[in-house]
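Report on one structure; see the data block that follows.
Numbering (mature numbering (1 follows the signal peptide of the UniProt record, and there is no 0)), first residue to last: -26 to -1, 1 to 168.
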């Protein structure tokens, strides 16, 4: 009988620890947005806005900026927020190394983005109305560029200027075979996904 009672006590003690730990973990990760001096992560749905908050551009030590839009292909479109432009104040984020603005409605890249020479990763996946990326070729430290599902038909003639580019994601664009061949020749050391 004592063995059964001991097993029962161990079981309930273990169960208590599991529940307590999972509750603490839930509290740690339940925040809508993640902020720190170097990281800002949010979604437009959480922000209830189609703009990057002005306060972000005052975070001069920011290294990682990630704001995901909302997939509006289903459900109630009245509560659908998508960033349409990258404000010129982006230039204030001189320490930025990672920029992720996926599932948004960005059409062009502002000149000011080229001032962010520390950028090594840009992810603009599923910005289906993005029409050109010409200015990105000035970001010579860029190593990873993800443009999946952007609907691009052509990349800049000087795409080869991205000499440090290791990976280029282009699945879901409208690049014909000739354009794909040109891109491969311009970036021979880059892992390109069409």
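Ideal Cβ placement from N, Cα and C applies to all residues, glycine included.
Nothing here was measured: the structure is a model prediction, and the numbers come from that model.
- In the same chain as residue 96, and ignoring 5 residues on each side of it, the C-beta atoms closer than 6 Å to its own belong to 73 and 119, in chain order.
- For residue 76, the closest C-alpha among the options 62, 86, 63 and 102 is that of 102.
- Of the candidates 128, 137, 160 and 159, the residue whose Cα lies closest to the Cα of residue 150 is 128.
- Using a 10 angstroms sphere on the CB of residue 11, the tally of other CB atoms stays under 16, which defines it as exposed.
- No Cβ-Cβ contact shorter than 8 Å links residue 60 with residue 41.
- When rounded, the separation of the alpha-carbon atoms in residue 144 and residue 100 is 11 Å.
- Under the three-state reduction of DSSP, residue 156 is assigned to helix.
- Within the region 68 to 94, the complete beta strand (DSSP E) runs of at least 3 residues fall at 72 to 74.
- In this model, residue 158 and residue 122 are separated by some 17 Å (Cα to Cα).
- Per the DSSP secondary-structure output, residue 96 pairs in a beta bridge with 73 and 119.
- In this structure, residue 28 sits away from residue 57, with a CB-CB distance that is not shorter than 8 Å.
- Following the DSSP letters along the chain, one finds residue 21 inside the alpha helix (DSSP H) bounded by residues 18 to 21.
- By the neighbour-count criterion, in which a residue is buried when 16 or more other Cβ atoms sit within 10 angstroms of its Cβ, residue 147 is buried.
- Around the beta carbon of residue 18, a 10 Å sphere encloses 16 or more other beta carbons of the protein chains shown; the residue is thus reported as buried.
- In this structure, the beta-carbon distance from residue 80 to residue 98 falls below 8 Å.
- Secondary structure at residue 111: helix, using DSSP grouped into helix, strand and coil.
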